Amino acid sequence: MQATDFQGHQRRGGTAALILLLSTPLGDLDVDQDLNNHLRNTKQFRSMSEDVDEDEHSLELHFPYIRKVFFHTDVKVIPILVGQLAPKASKQYAETLANYLADPSTIAIISSDFCHWGHRFHYTYYQSEQSAEPQHLTLRTPPNQYANPPIHASIAALDAAGMASLSYSPFLESEKVHKSAKQPRKNAK
């Protein structure tokens, strides 16, 4: 059995872990080295640096649960981080991973850090009630331009839009659906 986690901060493309073993409070999980090496050999996945691996907290939150659920099972994991992808790259990643995801012995655990907002994450978009498009806030943006709604409400709305976009099938069509939802519609006659 294999478990895979796709998640990403502010990075482009995919990375695969170099580690051999993941320690959790409930026991260790082996990393599937054969599959890990295969993914890196496709040249689509770079090796995840130790710093990135150490900073990644979304993945580590899942591992104890995986160990608990599969306590009596020889489970191997493939920690993968996937950041921002162009549509063509999304299709290539999907094609590379399709056979693994179609295998009934594979479980994909997909996570996203929608809540990483702020200058250190290079993501400061704000959706005002007056504007149809989110604006990029800077340290020089006057406070009255992001007062209504409060920033936390804008972040929640952007998160909800992202989750709604991901809920469509097939995933590659979600961007078109999400963009068309923002366009004014005429009533059908």
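Note that this note's numbering gives residue 44 to position 40 of the sequence shown, counting from 1, and the numbers run on in steps of one.
Ideal Cβ positions, reconstructed from N, Cα and C, are used throughout, including at glycine.
The structure presented is a predicted model; accordingly, all values stated were derived computationally and were not measured.
When secondary structure is reduced to three states using DSSP, R144 falls in the coil class, being assigned neither helix nor strand. Contact between the segment 127-140 and the segment 150-161 is present, with at least three C-beta pairs closer than 8 Å.
Straight through space, the alpha carbons of D38 and D107 are spaced by roughly 16 Å.
Taking the Cα positions, D78 is about 23 Å away from L85. Put simply, the backbone Cα of S62 is about 24 Å away from that of K95. Secondary structure of S62 (DSSP, three-state): helix. By the Cβ rule, the segment 141-154 does not count as touching the segment 97-106, because fewer than three pairs are nearer than 8 Å.
In the DSSP assignment, L25 falls outside any alpha helix (DSSP H) and lies within the beta strand (DSSP E) extending over L25 to T28.
Taken through DSSP and simplified to helix, strand or coil, S53 comes out as coil. Contact annotation: V81 and D36 have beta-carbon atoms nearer than 8 Å.
Distance from the CA atom of L141 to the CA atom of W121, rounded to whole angstroms, is 11 Å. Within the model, the alpha-carbon separation for Q139 versus V73 is close to 43 Å. Within the segment 71-121, the runs of alpha helix (DSSP H) at least 4 residues long that lie entirely inside it are, in chain order, 91-106. Following the DSSP letters along the chain, one finds D34 inside the beta strand (DSSP E) bounded by residues G31 to V35. Straight-line measurement puts the Cα of Q134 at about 38 Å from the Cα of V56.
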